[in-house]
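Here is the structure we will look at.
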Amino acid sequence: MKSISRRSKKSGLPPGTLVHIGEKRTGATTITLFEYDASHCRESKVPSPENLTVAAEPTVTWIDVSGIHQLDVIEAFGKRFNLHPLLLEDIVNTEQRPKVDEYDSYWYVVVKMLYAGDRPKGFLVEQVSFILGSNFILSFQENGRDVFEPVRERLRSGKGRIRQSGSDYLLYALIDAVVDEYFGVLEAMGERLESLQNAVVANPQPATLNDIHLLRRELLVLRRAVWPLREAVGKVERSESPLIRASTKVFFRDVYDHVIQTIDTIETLRETVTGVLDIYLSSTTYRLNEVIKVLTIITTIFMPLTFIAGIYGMNFEFMPELHSKWGYPLVLLGMAAITIGMLVFFKRKKWL
Amino acid sequence: MKSISRRSKKSGLPPGTLVHIGEKRTGATTITLFEYDASHCRESKVPSPENLTVAAEPTVTWIDVSGIHQLDVIEAFGKRFNLHPLLLEDIVNTEQRPKVDEYDSYWYVVVKMLYAGDRPKGFLVEQVSFILGSNFILSFQENGRDVFEPVRERLRSGKGRIRQSGSDYLLYALIDAVVDEYFGVLEAMGERLESLQNAVVANPQPATLNDIHLLRRELLVLRRAVWPLREAVGKVERSESPLIRASTKVFFRDVYDHVIQTIDTIETLRETVTGVLDIYLSSTTYRLNEVIKVLTIITTIFMPLTFIAGIYGMNFEFMPELHSKWGYPLVLLGMAAITIGMLVFFKRKKWL
Amino acid sequence: MKSISRRSKKSGLPPGTLVHIGEKRTGATTITLFEYDASHCRESKVPSPENLTVAAEPTVTWIDVSGIHQLDVIEAFGKRFNLHPLLLEDIVNTEQRPKVDEYDSYWYVVVKMLYAGDRPKGFLVEQVSFILGSNFILSFQENGRDVFEPVRERLRSGKGRIRQSGSDYLLYALIDAVVDEYFGVLEAMGERLESLQNAVVANPQPATLNDIHLLRRELLVLRRAVWPLREAVGKVERSESPLIRASTKVFFRDVYDHVIQTIDTIETLRETVTGVLDIYLSSTTYRLNEVIKVLTIITTIFMPLTFIAGIYGMNFEFMPELHSKWGYPLVLLGMAAITIGMLVFFKRKKWL
Amino acid sequence: MKSISRRSKKSGLPPGTLVHIGEKRTGATTITLFEYDASHCRESKVPSPENLTVAAEPTVTWIDVSGIHQLDVIEAFGKRFNLHPLLLEDIVNTEQRPKVDEYDSYWYVVVKMLYAGDRPKGFLVEQVSFILGSNFILSFQENGRDVFEPVRERLRSGKGRIRQSGSDYLLYALIDAVVDEYFGVLEAMGERLESLQNAVVANPQPATLNDIHLLRRELLVLRRAVWPLREAVGKVERSESPLIRASTKVFFRDVYDHVIQTIDTIETLRETVTGVLDIYLSSTTYRLNEVIKVLTIITTIFMPLTFIAGIYGMNFEFMPELHSKWGYPLVLLGMAAITIGMLVFFKRKKWL
Amino acid sequence: MKSISRRSKKSGLPPGTLVHIGEKRTGATTITLFEYDASHCRESKVPSPENLTVAAEPTVTWIDVSGIHQLDVIEAFGKRFNLHPLLLEDIVNTEQRPKVDEYDSYWYVVVKMLYAGDRPKGFLVEQVSFILGSNFILSFQENGRDVFEPVRERLRSGKGRIRQSGSDYLLYALIDAVVDEYFGVLEAMGERLESLQNAVVANPQPATLNDIHLLRRELLVLRRAVWPLREAVGKVERSESPLIRASTKVFFRDVYDHVIQTIDTIETLRETVTGVLDIYLSSTTYRLNEVIKVLTIITTIFMPLTFIAGIYGMNFEFMPELHSKWGYPLVLLGMAAITIGMLVFFKRKKWL
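Protein chains in written order, with the working numbering: chain R, 1 to 352; chain F, 1001 to 1352; chain C, 2001 to 2352; chain V, 3001 to 3352; chain U, 4001 to 4352.
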């Protein structure tokens, strides 16, 4: 997860120049076509956008494009659907914030698709752009892997109201699928956080600290994906445009609620991360205290003893104790007494 | 208290599919019916929603459902009362934020019911959904335990204005009962915080720190339950809908005031927790200082003494002091003088 | 100052049930009556609210009630002046936030009266409720002690414009007296903070830390008393109600300015408290450094010396130095040289 | 710079009672009169406000009053110009926040005049009140020292547009002079901050810390002077009142920009102060580490050596090494080997 | 990068007096002229503003002025184009915040041009002012170095829509070029932050800390350049003025998106810097712990051993062990046993 992208390679080019910004990708762009109404659903692969046609209402057409690095394909879409050059530029620049831009006859919607995937740490971020027309949707993804399979399944099977509804409902279904996946990502992060919490108490190490900060930065990435989405979905919900039917708005309100739940969870995780950091720091200090207590106890016991031994190791001629038969055992007894006294003292100070 | 729920098991399902999200529950769903007007109040158990009827005004009907894990019962309610599928989905998903959703002929209200319970630490959170119609209320709880008994008592006895008022007043009474319980939960947390405060000064340990962070996280959960409630209750108070009579609004304003008092108390507790953390950290450092002072005092006194003893333990042939009769007692005197000097020095530095 | 009140004892009671929440009080409730116009002012004690009458305009009547724990008296007022049950409930519940509630023919205003009093630390908080009618004011205090004496004096003497003005001006005069006292409380806190600041530099101890946090919590209480007052007074100033004459609004704007000055001072004190905490922590660390420097200096000087003494205390047969006449003085000289060298080293490192 | 003023001495007095709050001042109040139009400018001293007259338009009259502690003079102004009693009260109370109050035929404007002055640390704060009429300005300062000399010079010389413009432009010129001086104060603070930054790295001491916190508190005072000014100047700029001509508004927009630049600089300085505090704390810790490393190195080298010397200082009869001719040199060699080994170890750990 | 400028040298001058505030510059001011329409583009150098004419629409004229320290040139522009004196003052004062000021027949726009340049650390900030008329743009830069070369190239070549569009589109193109460069600056900062992150873990030193704080302050400078730009560009986008054509607004919306992306990145970097500071502090503490562990281990092992050696170095006559043949080897064995025991103890405590 790079926090700073290579956005700068665009600098100086005229607006509307398509430059792919994002992870390097190879492989051909694939175009999948869904045409459906209440009674039919036809699914097909299309080789290129040139010969695409959008059937008349009430048929809804969903054209899903995987791979945005082939700029000629995107440009062909732009010509075929008469899209604004700036919009095309946004599609191929994966550094967009989630947003909704209204154009005259269509809407442009950008969201961030996350998936926890099979990686032990972190998650993958991918940008998905939607173009919503009155009876069609174009969707552009970075690669062929997505979270839309359940939506396709519902289209094929005709379960639920999806086949009876328009393109606005399809847009809802796709965004809802994206937001649903956020919960999975957050669960994975919650679990990692919990294991970090344990590690921090058991054995705090700089590596743990690094992991905590990594998690914090990932939460930041998530936040940047979700906060603007709130505004964007709210804009759809409140919209007066004929592209969004009144009956669909209640569904967008539902997505809006989910987005807010996600934000709540992110903020809670962030606060918890801060708490874990606090525990890390203070458990480091606690350990330091423990170490220094040991040092002090050892020093405090042995320094006086060694000093006494030193006294009777002096070579003065006139030291009467040295010649006494009881000198040695008495000194040993005295040393034992001092040791016991010290131990009692430390016990009382609760250092032992 | 899990901060991250198993919300993800819903992902990919069509909207309106009922999936119970929340703690595993068993046991049958029970339905309790209250029908009342100014002069009568009838209370009964109903086996299933099919044969429910709502009496004409001015009779008010309150149908209280305990247990939302039996999805067929919830679906039957949906059919019987013509409820929106998304609303049903929200009822059985216990991860909702408190909110008020307006539908054409009814309102959907979600609140979080907390009770301090008999647990030594923490509290229980339960989601309660209300559906407010012009002359009826449906309420859905997670289990049979609730905070509504005083309301039921007032309905039975006819005390107060509750039997003279409509369903909007009943909604107020129920929400008021929920909010009233928040104060109990906060009092329990306040007491725990006070005992933590004492523990932190007396004997700061990592376990104490953990307890502080636990409390902080619980306050976060509370905050998430109460902040959105403020907006929701404010929406009811300002509403122009015929479902809320003008005379009832003053009561919702009262609930609104209580919610704000709760928020105030939560924020105060949060600031206090931060203060306790500060005291924890600095009392750890203070103890460290104390330990190191002991170490330094001991070292500073005995190192010079041991050195002097070492001097006279050397085996040089020509050390005139060794042969003097006063050598030994003078050295001992010197050592005593050094010790006293050191003690005076430490006294002046206020280390003793 | 308890941060969490016993608000929970109300839980479950029907709304409008009077329950006194606040400090336990004894002693009878006293009712004082002021009736005045431009030319007269009559002051009298009234035994009970039953036989109270409000004289017609332009006479203004101020009924001041001290003691809100006698619930029957409050209820009698409610009947006599036709007050809303929820309002009565708020009067006897001392956990209200400052607020202004508009009712049909009167306003309900709550403020927090603070006085620094004769206590060395902290201050007393008391709730005062006002009911503003077109030509009368009811005021309810927790006990007989208040900050209104100067207002009474002005009423008796007829100085200023108070006797020429209506009940709205009296409300202004009373609230102004309350806010004026805030400055006294803040001055007392400012002085305590200054003495803490000195203590922190001179001799930082956990007790000092506790005092700092106590002050911080008191500032929090003050904040909670003053922030909502800002909104409340602003509401009065902007009000279109006939209860507030246009000529009086300029006075409420003045109170509003004072409230904002109070808030400014509170925020400054809060920032200063944070600064004092920082100084506390870092002066603890500084002292630790000083202690450890002493330890290191002593150890670094005496360890090598003791080692050298140990060398010549060894019992090898063939140690030529031991038999030299200059051995002992040369070793002593060497030790002195090492000591001086160490001292120069420490001087250069600025440890001495 | 006292953060808490003696505002409390006003408490209990009727509104409109003049009480001077601020630094004790002596010396007579002086009144300076400027009367000017495009072609003339007359400057004169006036002994008292009684015989003041304001010439008819297009002549503009500026009456500048230095010294607000002579309450009878202020009261005479109040009578002569028919000013509201609360306004007079505000003039003599130097604890006002910057603000603009609109009265029927004039405006009341308060700003804080700062000057870095010749003091090595800190700055002086003085309150200046303006009363803006259609063709006159009254200004009230605490003492005779001010930042208005360049404005007077422009009036006398007739340079710029000031003599061609009305009283609103004069108000602009005076406020602009005040705001311009803020930059000088900020530059002085910036320089002090820079020297603190160096001190913190070179030799962090509690005195430095105190200086940092002093600067922080001064920034707080500045903030309190400038933030409300932003709102006040913005109010003038947006005003629809005939007192502010449209052609003058662009100048107030310019002042507004300067105020915002000042706020920006204050916030930057505040963030820098926070950074300096961080560096202070961590350079303290760094020094602690250095000291403890020395301690550890000395201990680690000499403890084993002293132990070895102790071994051969034992008085056992049967210690064959003692009688060997190579015993002593071999032990010395061994000690040298241990010392070198330790030094290599510390070198590798980067402690040396 | 000085945080406090020499703004104060302006203080006391009448408004509209031109004073150059900013870095000292020398060298003549150069004026470059572009005149273009859809079919032609003429580029020329102009010696002085006096003989400049603006061709009639549809020709667009761009006059680019490099060097604002020659105040007579700026004044000549002011006379020639009838510009407001305050505007001229703003042009030559490089301490402006980014803003858009609307005047009657033109707009004044200020932005901050940054370039990472070839400096290893930090970046250069330069102020650029634009004056947008219906068919011309004046631009004022501090020196001849800028980021507008790609725009000039597009004008010359006629690529894109720039030659077909009006002066508003040219303004967009210039601001877009400025904002595009921000991404380069941010990338450079991101890389420096990453290398600091590594340094902090590998070898935390006060110099590293200084670098971190330098970066933090640079981010603050950037923030101050970009935050107000957001508002300014938003103002252009929402404007109803005829100077901005409807078809150009979509491009300003695009710039607005880029500005918000920049702000997002800045905030992310700021949070990361905070994280790096945390890691710095705690890795310092961790190292302290490591050092003290070594100290404690050494002390704990050798103190008891030295004490035992001291015991048998005492000179008592009656010490039977001394005469035993096994005394010496047994004592050595005992010492070895103690050492091994200690090592096991430390192993268990995970100190080794």
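The C-beta atom is built at its ideal place from N, Cα and C for all residues, glycine as well.
Tyr2286 of chain C belongs to the set of residues whose beta carbon lies under 9 Å from a beta carbon in chain V. Per DSSP, Glu2089 of chain C is one residue of the alpha helix (DSSP H) stretching across 2085-2092. Within the DSSP bridge table, the entry for Met113 of chain R names R:Glu126 as partners. For Arg245 of chain R, the three-state secondary structure derived from DSSP is coil. Leu4209 of chain U and Ile3279 of chain V have their C-alpha atoms spaced approximately 7 Å apart. Between Leu2214 of chain C and Gly2122 of chain C, the CB-CB gap stays under 9 Å. Looking at the DSSP output, Trp62 of chain R sits in a beta bridge with R:Phe34, R:Ile137. Fewer than three beta-carbon pairs drawn from the region 1281-1289 of chain F and the region 2297-2308 of chain C are found closer than 8 Å, and the two stretches are therefore not classed as touching. At least 9 Å separates the CB of Ser3066 of chain V from every CB of chain C. Under the Cβ criterion (8 Å, minimum of three pairs), the region 228-240 of chain R does not count as touching the region 147-162 of chain R. If only complete runs of 3 or more residues are kept, the region 1133-1196 of chain F shows the beta strand (DSSP E) at 1136-1141, in order along the chain. Under the 8 Å Cβ criterion, the region 3260-3272 of chain V does not count as touching the region 2258-2277 of chain C, having fewer than three qualifying pairs. By the Cβ neighbour-count rule, Gly334 of chain R is exposed, with fewer than 16 other Cβ atoms within 10 Å of its own. Here Gly4144 of chain U is exposed. Its C-beta has fewer than 16 other C-beta atoms within 10 Å. When secondary structure is reduced to three states using DSSP, Arg3025 of chain V falls in the coil class, being assigned neither helix nor strand. Assigned with DSSP and collapsed to three states, Ser4283 of chain U falls in helix. Residue contact check for Arg1217 of chain F against chain R: a CB pair falls below 9 Å. Under the 10 Å beta carbon count, Gln3164 of chain V is surrounded by fewer than 16 other beta carbons and is classified as exposed. Sequence-distant Cβ neighbours of Met4113 of chain U in its own chain, meaning closer than 8 Å and more than five residues away, are Val4125, Glu4126, Gln4127, Val4128, Gln4141, Asp4146, Val4147, Val4178, Glu4181.
Secondary structure at Val294 of chain R: helix, using DSSP grouped into helix, strand and coil. In chain order, Met3303, Pro3304, Phe3307 make up the part of chain V whose C-beta sits under 7 Å from the C-beta of Phe4302 of chain U. Using a Cβ-Cβ cut-off of 9 Å, Trp4351 of chain U counts as an interface residue toward chain R, since at least one Cβ of chain R sits closer than that to its own. Taking 9 Å as the cut-off between beta carbons, the residues of the region 2140-2172 of chain C near chain V are Val2147, Glu2149, Pro2150, Val2151, Glu2153, Arg2154, Lys2159, Gly2160, Arg2161, Ile2162, Tyr2172, in sequence order. Listed along chain F, the residues sitting closer than 9 Å to Arg2097 of chain C by beta-carbon distance are Asp1257, Ile1260, Gln1261, Asp1264. With contacts defined by Cβ atoms closer than 9 Å, Val3073 of chain V and Pro3049 of chain V form a contacting pair. Chain R places a beta carbon closer than 9 Å to that of Val4201 of chain U, counting this residue as a contact. At a C-beta separation below 8 Å, Asn3315 of chain V has these neighbours in chain U: Tyr4312, Gly4313, Met4314, Asn4315, Met4319, Leu4322. Shortest Cα-Cα distance from Arg3156 of chain V to any of V:Trp3326, V:Glu3035, V:Thr3300, V:Leu3352 involves V:Glu3035.
Using a Cβ-Cβ cut-off of 8 Å, Gly3027 of chain V is close to nothing in chain U; its nearest Cβ partner there is about 26 Å away. Listed along chain C are Leu2295, each with a C-beta nearer than 8 Å to that of Leu1295 of chain F.
Taking all protein chains shown into account, Lys2293 of chain C has 16 or more neighbouring C-beta atoms within 10 Å of its C-beta and is therefore buried.
Straight across, the Cα-Cα distance linking Ala2202 of chain C with Gly2022 of chain C is about 40 Å. A Cβ of chain R is located within less than 9 Å of the beta carbon of Gln1205 of chain F. DSSP places Arg3270 of chain V in the helix class (H, G or I) of the three-state scheme. Looking at the DSSP output, Ser3044 of chain V bridges to V:Leu3033.
Comparing C-alpha distances from Val1250 of chain F to each of C:Glu2237, C:His2084, C:Pro2014, C:Val2331 shows the shortest one belongs to C:His2084.
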